[in-house]
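J.: In my numbering, the protein residues as written are -11 to 434.
Below are the structure tokens for one structure; questions will follow.
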Ligand SMILES: Cc1cc2nc3c(=O)[nH]c(=O)nc-3n(C[C@H](O)[C@H](O)[C@H](O)COP(=O)(O)OP(=O)(O)OC[C@H]3O[C@@H](n4cnc5c(N)ncnc54)[C@H](O)[C@@H]3O)c2cc1C
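Given below as structure tokens:
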């Protein structure tokens, strides 16, 4: 908590800006979806901003940044607050800067698809704006309806589109940023693709985005498909075959039968009788997918065009929405994120042997450094921290690469290593370490 006098000076300096100073709105805007993690929940529940500032223009961001620097007040940026690891939770209180009102498209080139948009633009709004012009976003989390562009770049990692375009941090997915620094005289920097990379997935700890430049792709009416296979080996083999074929597939998700059964039903889709693959595929790909599915002993059960997006979408059964849907049935479930070693079946069998029936397997197919891989988001009923640690140890020992979904810092939820470029950008753009303090472990204040 800030001393009352300091808080009053800050508020006086915000004349003309929209503030939230107390009440349930202050609490809501200090939190995100960290309840997904039974480890983070007790650590973050009590965190509260001293004040939230809602901005609509870059000039206002500069004003707040100058004030925070002068008064040495922590500043944590927020988009829609859909992060599930406390990415936008102010660990040390201070100011939360809500950038969801900074939501204009700055420019769009209809020839090459280059989009410059403000960070508060909601991803679905952007796609709805692009679609009549024949373009679409490359990548989106399953929180497509509510998440902001800035929050996805700073806090997200991958999602629908990652089978074609890889992780958000793959070079080429972010082409530039306009950024406000936290200095005595905050600057409005224009960063190119190479410079912007150090701020990509840094939890807003080394610069405040006021505009984001991304490539878009030609729009197509992806078909939502549900395939059913007799068992896991057949489903995983088909997933590998489909993602290696000359087919345009934007998303490919595997749900084991127990999990598929718990998902809310898509219209007129019968309950799962086997393991399922959920796909977003180009209309041209559907006949080949159906033929290969039949050959694998399965069937194409259900198909619907994704556009216009209405009702429950297939993507809202995938990625971390699978977790959300299962938690709606039983809130004791949580998940872990692990890149599976090949052969994946042997890995799954090894883990299942140690804890029979505990893990419900959910996998997503995505491209990592150009190669299609399965990433696992296995779900399990929380059995305490010791068993969770034992699971991580076993998965790592079996060759899994864990991206800990229950960690607070950029590094600990990534590969566990410090990215020197991210830290250097923080020293330059935020020398006092006021931006989202506590989230970039590699930063040591001088
Ligand atoms: C059910 C569910 C499903 C999800 N699925 C996915 C998924 O498929 N893929 C995925 O990657 N994530 C997923 N997430 C996590 C999250 O929804 C996404 O990463 C989303 O893109 C975050 O956007 P947001 O606007 O809500 O950001 P917020 O949660 O508000 O913020 C995220 C981070 O970005 C920073 N930030 C926000 N705006 C700015 C800015 N203007 N400048 C600098 N930093 C900023 C914040 O400080 C914070 O560190 C999921 C979460 C849930 C609860």
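Here a beta-carbon is modelled for each residue, glycine too, at the ideal position from N, C-alpha and C.
Remember, predicted model here, so these are calculated numbers, not experimental data.
Between residue 137 and residue 200, is the Cβ-Cβ spacing less than 8 Å?
T.: Within the chain shown, residue 137 is the residue found at index 149, counting from 1. Within the chain shown, residue 200 is the residue found at index 212, counting from 1. Against a cut-off of 8 Å, the Cβ pair of residue 200 and residue 137 comes out as a contact.
J.: Just the C-alpha distance for residue 68 and residue 135, rounded to the nearest angstrom, thanks.
T.: The residue given as residue 68 occupies position 80 in the chain shown. The residue given as residue 135 occupies position 147 in the chain shown. Going from the Cα of residue 68 to the Cα of residue 135 covers about 5 Å.
J.: With 16 other CB atoms within 10 Å as the buried threshold, where does residue 367 fall?
T.: Start at 1 with the first residue of the chain shown, and residue 367 comes out as number 379. Buried, since its Cβ has 16 or more Cβ neighbours within 10 Å.
J.: Could you tell me how far apart the beta carbons of residue 148 and residue 303 are, in whole angstroms, since I believe they sit closer than 8 Å?
T.: As a position in the chain shown, residue 148 is number 160, starting the count at 1. As a position in the chain shown, residue 303 is number 315, starting the count at 1. Residue 148 to residue 303, Cβ: 5 Å. Contact.
J.: If you run the structure through DSSP and keep just helix, strand and coil, what is residue 339?
T.: Mapped onto the chain shown, residue 339 falls at position 351. Residue 339 falls in the helix class under three-state DSSP.
J.: Can you list the alpha helix (DSSP H) stretches of 4 or more residues lying completely in the stretch 218 to 299, in chain order?
T.: 220 to 232, 245 to 250 and 274 to 283
J.: Does the beta carbon of residue 394 fall short of 7 Å from some heavy atom of ligand 1?
T.: Translated into the one-based positions of the chain shown, residue 394 becomes position 406. Outside the cutoff, so no.
J.: Which one or two residues does DSSP pair with residue 210 in a beta bridge?
T.: Looking up residue 210 in the chain shown gives position 222. DSSP, once it has assigned bridges, lists no residue as partnering residue 210.
J.: Determine which residues share a DSSP beta bridge with residue 362 and list them.
T.: What you label residue 362 is simply residue 374 of the chain shown in a count that begins at 1. Paired residues: 353.
J.: How close, in whole Å, do the beta carbons of residue 435 and residue 209 come, if the pair is a contact with beta carbons under 8 Å?
T.: For the chain, the structure presents residues -11 to 434; residue 435 sits outside this window and is missing.
J.: Quick check on DSSP: helix, strand or coil for residue 79?
T.: Start at 1 with the first residue of the chain shown, and residue 79 comes out as number 91. In this structure, DSSP gives residue 79 a state outside helix and strand, which the three-state scheme calls coil.
J.: Going by the CB atoms, is the gap between residue 363 and residue 325 shorter than 8 Å?
T.: Along the chain shown, one-based indexing puts residue 325 at 337. Along the chain shown, one-based indexing puts residue 363 at 375. The answer is yes: Cβ separation under 8 Å.
J.: Between residue 309 and residue 131, what straight-line distance do the alpha-carbon atoms span, to the nearest angstrom?
T.: On the chain shown, residue 309 is found 321 positions in, with the first residue counted as 1. On the chain shown, residue 131 is found 143 positions in, with the first residue counted as 1. When rounded, the distance between both Cα atoms is 8 Å.
J.: From residue 334 to residue 383, what does the alpha carbon distance come to, in whole angstroms?
T.: Along the chain shown, read from residue 1 onward, the residue named residue 334 stands at position 346. Along the chain shown, read from residue 1 onward, the residue named residue 383 stands at position 395. About 12 Å.
J.: Within 10 angstroms of the Cβ of residue 369, are there 16 or more other Cβ atoms? Answer buried if so, exposed if not.
T.: The sequence position of residue 369 within the chain shown is 381, counting from 1. Exposed is the call here.
J.: Does the structure place the stretch 217 to 227 close enough to the stretch 184 to 193 that three or more beta carbon pairs sit under 8 Å?
T.: no
J.: Does the contact criterion of 3 or more C-beta pairs under 8 Å hold for the stretch 166 to 184 versus the stretch 39 to 52?
T.: yes
J.: Run through DSSP, which three-state label would residue 123 get?
T.: Here residue 123 is taken as the residue at index 135 of the chain shown, counted from 1. Strand, per DSSP.
J.: Just grab the DSSP bridge partners of residue 86 for me.
T.: Numbered from 1 along the chain shown, position 98 holds the residue referred to as residue 86. Answer by DSSP bridge pairing, in chain order: 42 and 66.
J.: Evaluate contact between the stretch 411 to 427 and the stretch 74 to 82, counting only Cβ atoms and requiring at least three cross-stretch pairs below 8 Å.
T.: yes
J.: Return the first residue and the last residue of the alpha helix (DSSP H) that residue -1 is part of.
T.: In the chain shown, the residue the question calls residue -1 occupies position 11. Counting along the chain, the alpha helix (DSSP H) containing residue -1 begins and ends at -8 to 1.
J.: Would DSSP call residue 178 helix, strand or coil?
T.: If you number the chain shown from 1, residue 178 lands on position 190. Strand, per DSSP.
J.: In whole angstroms, what is the alpha-carbon distance linking residue 66 and residue 328?
T.: Position 78 of the chain shown holds residue 66. Position 340 of the chain shown holds residue 328. Cα to Cα, the separation comes out at about 32 Å.
J.: Tell me the rounded alpha-carbon separation between residue 89 and residue 6.
T.: If you number the chain shown from 1, residue 89 lands on position 101. If you number the chain shown from 1, residue 6 lands on position 18. Between residue 89 and residue 6, the C-alpha separation is close to 11 Å.
J.: For residue 390, which of helix, strand or coil comes out of DSSP?
T.: Here residue 390 refers to the residue found at position 402 of the chain shown. It is a strand residue.
J.: Out of 231, 261 and 203, point me to the one whose CA is closest to residue 245's CA.
T.: Looking up residue 245 in the chain shown gives position 257. Answer by Cα proximity: 261.
J.: For residue 61, count neighbouring Cβ atoms within 10 angstroms of its own Cβ and tell me buried if that reaches 16, exposed if not.
T.: In the chain shown, residue 61 corresponds to position 73, counting from 1. The residue in question, residue 61, is buried, as its Cβ has 16 or more Cβ neighbours within 10 Å.
J.: Can you name the residues that DSSP bridges to residue 203?
T.: Residue 203 sits at position 215 when you count from the first residue of the chain shown. Looking at the DSSP output, residue 203 sits in a beta bridge with 102.
J.: Assign residue 37 to one of three DSSP states: helix, strand, or coil.
T.: The residue you call residue 37 lines up with position 49 of the chain shown. Residue 37: coil per DSSP, three-state reduction.
J.: Whole angstroms are fine: how far does the CA of residue 10 sit from the CA of residue 404?
T.: Position 416 of the chain shown, counted from the start, is the residue given in the question as residue 404. Position 22 of the chain shown, counted from the start, is the residue given in the question as residue 10. Their Cα atoms are separated by approximately 36 Å.
J.: For the stretch 100 to 117 against the stretch 282 to 289, do three or more pairs of beta-carbon atoms, one drawn from each stretch, fall closer than 8 Å, so that the two count as touching?
T.: no
J.: Please state whether DSSP places residue 406 in a helix, a strand or coil.
T.: One-based indexing of the chain shown puts residue 406 at position 418. Coil.
J.: Can you list, in chain order, the residues of its chain with a C-beta nearer than 6 Å to that of residue 222? Leave out the 5 residues immediately preceding and following it.
T.: As a working note, residue 222 is residue 234 in the chain shown. If we look at residue 222 and ignore the five residues flanking it on each side, its Cβ neighbours are 284 and 285.
J.: Contact between the stretch 343 to 351 and the stretch 406 to 425 is defined here as three or more beta-carbon pairs at a separation below 8 Å; is this criterion met?
T.: no
J.: Strictly by DSSP, which residues pair up with residue 196?
T.: One-based indexing of the chain shown puts residue 196 at position 208. DSSP output for residue 196 lists 168 as bridge partner(s).
J.: Can you give me the Cβ contacts of residue 276 inside the same chain, cut-off strictly under 8 Å, excluding the 5 residues immediately before and after it?
T.: On the chain shown, position 288 is the one that residue 276 refers to. Closer than 8 Å at Cβ, skipping near neighbours: 233 and 235.
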